[in-house]
Amino acid sequence: MRPIWPSSKNDVHNFSPIESQGRTVIFSHLKTRFLAWMTNSTSLVFAIAILGGSWIAADKALADTFTGSKYVVATVNPIATDAATEVFEEGGNAIDAAISAALTLAVVDGHNSGIGGGCLILIRTADGKLVAIDGRERAPGKASADMFMVDGVPNGEASQTGPLAAGVPGALAAYDKARSLHGTKPLSRLLEPGIAAATDGFVIDEHLGEVLRAKEAKLKLFEGTRQVYFKPNGRVVTTGDHFKQPQLAHTMQSVADHGIEWFYKGEYAEQVEKWMAANGGMLSAADFASYEAVSRPPVMSTYRDYKVVGFPPPSSGGVHVAQSLNMLEEYDLKAIEARSEVEKIHLVSEVFSRAFADRAYWLGDADHVNVPKGLIDKQYASELSETIDLDKAVAVPSHGTPPQWRQDLFGRHTTHITAADSDGNWVAITATVNTSFGSGVVIPGTGVVLNNEMDDFSIHPGEPNAFGLLGSENNAIAPGKRPLSSMSPTILLNQKDEPVMTIGAAGGPKIITQVVLGIIRFVDFQYPAEEILSEPRYHHQWRPNQLGVEDSMPRELVEELANRGHEIRTLPSGGVSQAIIKNGRGQLTAVADPRVPGKAAGK
3 MRPIWPSSKN DVHNFSPIES QGRTVIFSHL KTRFLAWMTN STSLVFAIAI
53 LGGSWIAADK ALADTFTGSK YVVATVNPIA TDAATEVFEE GGNAIDAAIS
103 AALTLAVVDG HNSGIGGGCL ILIRTADGKL VAIDGRERAP GKASADMFMV
153 DGVPNGEASQ TGPLAAGVPG ALAAYDKARS LHGTKPLSRL LEPGIAAATD
203 GFVIDEHLGE VLRAKEAKLK LFEGTRQVYF KPNGRVVTTG DHFKQPQLAH
253 TMQSVADHGI EWFYKGEYAE QVEKWMAANG GMLSAADFAS YEAVSRPPVM
303 STYRDYKVVG FPPPSSGGVH VAQSLNMLEE YDLKAIEARS EVEKIHLVSE
353 VFSRAFADRA YWLGDADHVN VPKGLIDKQY ASELSETIDL DKAVAVPSHG
403 TPPQWRQDLF GRHTTHITAA DSDGNWVAIT ATVNTSFGSG VVIPGTGVVL
453 NNEMDDFSIH PGEPNAFGLL GSENNAIAPG KRPLSSMSPT ILLNQKDEPV
503 MTIGAAGGPK IITQVVLGII RFVDFQYPAE EILSEPRYHH QWRPNQLGVE
553 DSMPRELVEE LANRGHEIRT LPSGGVSQAI IKNGRGQLTA VADPRVPGKA
603 AGK
């Protein structure tokens with residue numbers, strides 16, 4: 003048998019991953035039966051999902067759900083949910099509604115996603131086609147592998163904040179491509195709710211107010227950003243304030259009037275180039291003009307009796323959701339849980355650790371580097387699972403070696419909001435600007451928060467990014483390359499190839515583990531919809547070698563996990579998920595994560 007782990011060992015890095023603030027939207031629509039739509043920080047997903055678990059903390063709110071016969075929608079923000087329902091009421095389909103919600107979140111949840119960031123869109127069309135549209139950001143043409151090295155030392159601050167941190171935004175191009183191929187409404191109509199929210203303003207809720215306070219120092223750094231987020235008295239806008247964004251309204255209205263060319267080949271791109279040239283950045287008008295949202299074949303795998311449709315590289319989500327499920331398929335999870343809840347959590351976390359070890363070494367933009375398909379091979383998963391001890395934590399020294407890793411590769415130059423309708427259209431979108439408020443840069447006069455996705459590259463081997471993730475040369479910076487992402491828009495199909503669940507999440511690397519937990523709670527444990535996203539979550543990403551558990555997890559479980567050899571780290575939040583679930587009667591239920599003030603609605 004070939005070695006699963008090479009003999010070389012990687013250093014253990016002791017650090018605490020930073021919480022991601024992204025959002026996901028999941029959406030599903032049935033014109034004659036039922037619809038659901040759902041949102042997550044970095045992602046929008048139109049899907050159906052059932053999650054489960056055997057413990058829910060007494061003080062833990064259940065997820066907001068809505069079951070409808072015509073359509074349903076769930077997002078992290080009621081204004082965005084309402085935007086989607088309005089589009090449905092006007093006869094739009096799931097794709098239209100999801101994109102309108104995403105563009106509204108760009109205003110009311112702009113610290114997490116927006117037109118200055120990127121997205122991944124996964125679609126199952128009415129005629130059964132599966133499409134993945136890659137709106138991931140790209141490195142500037144002047145970028146280089148050593149651009150964040152100063153005197154031989156990596157400068158992580160520059161990759162997270164400021165002009166060098168931003169990649170070419172791809173969200174707007176991807177939304178327009180999805181709309182033009184599979185929607186029914188013009189982009190100008192889908193932009194209307196977002197423009198109205200930016201023009202008329204909205205009241206800042208407690209959740210957003212907390213984020214603004216936490217990031218005040220970052221928002222002070224650049225003049226364009228201060229123009230948006232600070233009041234005349236010099237104080238940052240805060241909870242209870244009526245917040246208007248006239249500059250962003252103007253930018254979005256210009257896109258509505260002139261199309262995305264205004265953004266990518268016109269005035270906006272020119273403004274970016276001028277500011278970047280004066281402030282030490284690299285983004286140019288040519289970078290914007292050459293950007294293209296790319297269609298790619300989805301990652302296809304199976305779990306139990308279901309087909310799992312995921313997003314391919316540069317997302318690591320599709321690959322490592324599939325790989326994790328392949329390992330878990332080796333076990334009877336229901337029997338294990340009946341025997342011991344602790345044993346189940348231990349097993350799943352050990353699976354996560356092995357998947358993330360492979361992520362760190364093998365994953366990158368498949369248009370630029372070789373990413374082996376053997377990572378989702380069933381036999382390889384079986385071999386990895388043999389290294390798991392159900393009684394104690396086993397340190398994973400390094401990545402594994404999948405079969406045919408030199409020959410069988412994910413394709414090059416191929417080309418999440420989740421939604422579903424009665425015609426069979428399902429959409430899942432995950433959108434992001436990376437960490438809260440991205441790079442902190444707003445080009446003066448535009449109102450658009452630029453991403454800091456350059457930090458998702460490996461700026462130096464062994465150097466963790468903002469989320470504590472390590473990477474290899476496969477994810478090194480190169481001109482035009484797309485950084486590795488954890489965004490995991492996912493759709494499950496039954497044996498008749500009918501969609502039955504979609505799920506997506508926000509939370510950096512915790513996106514992958516949230517999606518896997520959601521799927522096993524749906525498939526293996528058949529939990530009620532309102533419990534799917536409510537249970538305490540847990541997360542392991544290999545490095546640091548720690549098991550993260552939400553603070554709502556019962557103390558006795560945490561103590562028993564520690565007794566099995568896990569180093570425990572308490573998480574204030576395990577991320578934010580949204581899901582849609584289709585039951586045996588054909589009804590759809592939208593599920594909004596209770597960790598943020600979201601809303602599920604429908605008709």
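The working numbering applies: residue 3 is where the sequence shown begins, and numbers increase by one.
We treat Cβ as the ideally placed atom computed from N, Cα and C, and that holds for glycine.
- Using DSSP bridges, identify the partner residues of Met278. Answer is none; Met278 lacks a bridge partner.
- Message: Can you look up Ile570 in the DSSP assignment and give me helix, strand or coil?
- Response: Looking at Ile570 - three-state DSSP - the assignment turns out to be strand.
- Message: Going by beta-carbon coordinates alone, are Gly482 and Arg140 separated by less than 8 Å?
- Response: Gly482 places its beta carbon less than 8 Å from that of Arg140.
- Item | Beta-carbon proximity of Ser438 to Asp458, cut-off 8 Å | The answer is no: Cβ separation not under 8 Å.
- Item | 6 Å Cβ shell around Phe354 - same chain, five flanking residues per side excluded | Excluding residues within five positions, the ones whose Cβ falls inside 6 Å are Thr515, His542.
- Scan the region 464-511 and note each continuous beta strand (DSSP E) run of 3 residues or more that stays entirely inside, going in chain order. As far as the region 464-511 is concerned, its whole beta strand (DSSP E) runs of at least 3 residues are 492-495, 501-508.
- Query: Around the C-beta of Leu471, are 16 or more other C-beta atoms found within 10 angstroms, so that it is buried, or is it exposed?
  - Reply: Leu471 is buried by the Cβ-count criterion.
- Would you mind sorting Gly164 into buried or exposed? The rule is 16 or more other CB atoms within 10 Å of its CB. That one is buried.
- Query: Helix, strand or coil for Leu365 per DSSP?
  - Reply: In this structure, Leu365 counts as coil in the three-state DSSP scheme.
- Message: I'd like the span of the beta strand (DSSP E) that includes Gln543, first residue to last.
- Response: Per DSSP, Gln543 lies in no beta strand (DSSP E) segment and is marked neither H nor E.
- Query: What's the call for His568, buried or exposed, on a 16-neighbour Cβ count within 10 Å?
  - Reply: With 16 or more Cβ atoms within 10 Å of its Cβ, His568 is classed as buried.
- Item | Cβ distance (whole Å) where Ala168 is taken to contact Met456 below 8 Å | Between Met456 and Ala168 the Cβ distance is about 7 Å, and since that is below 8 Å, they are a contact.
- Beta-carbon proximity of Gly119 to Pro171, cut-off 8 Å: Cβ distance < 8 Å, so Gly119 and Pro171 count as in contact.
- Do His209 and Pro599 have their C-beta atoms within less than 8 Å of each other? Yes, they are a contact pair.
- Item | Residues of its chain near Thr34, where Cβ-Cβ distance is below 6 Å and the 5 sequence neighbours each way are ignored | Model confidence at Thr34 stands at a pLDDT of 25, short of 50, so the residue's coordinates are unreliable; what they give is reported in the following sentence. Taken in chain order, the residues that qualify are Ser424.
- Query: Are the region 552-559 and the region 356-368 touching, with three or more C-beta to C-beta distances below 8 Å?
  - Reply: The region 552-559 is not in contact with the region 356-368.
- Message: Closest to Glu263 by C-alpha separation, out of Ala291, Pro248, Gln247, would be which residue?
- Response: If we check each option's Cα against that of Glu263, Ala291 comes out closest.
- Cβ separation of Ile493 and Ala430, assumed to be a contact under 8 Å, to the nearest whole Å: That belief holds up - the Cβ atoms of Ile493 and Ala430 are roughly 6 Å apart, short of 8 Å.
- Any idea if Gln1 is buried or exposed, counting beta-carbon neighbours within 10 angstroms, 16 or more meaning buried? Since the first residue of the chain shown is 3 and the last is 605, residue 1 is not available in this structure.
- Got a sec? Which residues, its chain only, sit under 6 Å from Arg218 by beta carbon, not counting five neighbours each side? The amino acid occupying residue 218 in the given sequence is Glu; Arg does not appear at that position. Correct list, in chain order: Val238.
- State buried or exposed for Asp61, treating a residue as buried only when at least 16 other CB atoms are found within 10 Å of its CB. Reliability fails at Asp61, whose pLDDT of 45 lies under 50, so the model's placement of it is uncertain and no value is given.
- Could you tell me the distance, in whole angstroms, from the CA atom of Ala99 to the CA atom of Pro446? Approximately 30 Å, taken between the alpha carbons.
- Where Glu388 falls, given that 16 or more other Cβ within 10 Å makes a residue buried: By the neighbour-count rule (16 or more Cβ atoms within 10 Å), Glu388 is not buried but exposed.
- Could you check if Arg215 is buried or exposed, using at least 16 other CB atoms within 10 Å of its CB as the buried criterion? Under this definition Arg215 is an exposed residue.
- Test item: CB-CB of Lys563 and Val344 under 8 Å: A quick correction: the sequence has Leu, not Lys, at residue 563. Yes, the pair counts as a contact, with Cβ atoms nearer than the cut-off.
- Short check: CB of Asp111 to CB of Asn157, under 8 Å? No. Outside cutoff.
- Item | N-terminal and C-terminal residue of the beta strand (DSSP E) that Gly312 is part of | In this chain, the beta strand (DSSP E) harbouring Gly312 covers 308-312.
- Query: Bridge partners of Thr67, per DSSP?
  - Reply: Partner(s): Val593.
- Query: For Lys233, which three-state DSSP category applies?
  - Reply: In the three-state reduction of the DSSP assignment, Lys233 falls in the coil class.
- Message: By the three-class DSSP mapping on this structure, what secondary structure does Ser303 have?
- Response: Reduced to three states, the DSSP call for Ser303 is strand.
- Message: So, with DSSP's three-state summary, where would you put Leu46?
- Response: For Leu46, the pLDDT reaches just 47, beneath the cut-off of 50, and the residue's location in the model is therefore unreliable, although a value from the coordinates is still provided. Leu46 falls in the strand class under three-state DSSP.
- Query: For the alpha helix (DSSP H) that Glu263 lies in, which residues bound it at each end?
  - Reply: In this chain, the alpha helix (DSSP H) harbouring Glu263 covers 263-266.
- CB Ile513 to CB Ser536, shorter than 8 Å? Not closer than 8 Å, so no.
- Query: Taking the Cβ atom as the reference point for each residue, do Asp207 and Ala602 lie within a distance shorter than 8 Å?
  - Reply: For Asp207 and Ala602, no; Cβs fall outside 8 Å.
- Message: So that I know if they touch, is there some Cβ in chain D lying closer than 8 Å to that of Gly577?
- Response: This model lacks chain D altogether, as it is built from one protein chain only.
- Message: My assumption, with CB atoms under 8 Å, is that Phe313 sits in contact with Ala134. Please give the rounded CB distance.
- Response: Contact holds; Cβ gap of about 5 Å.
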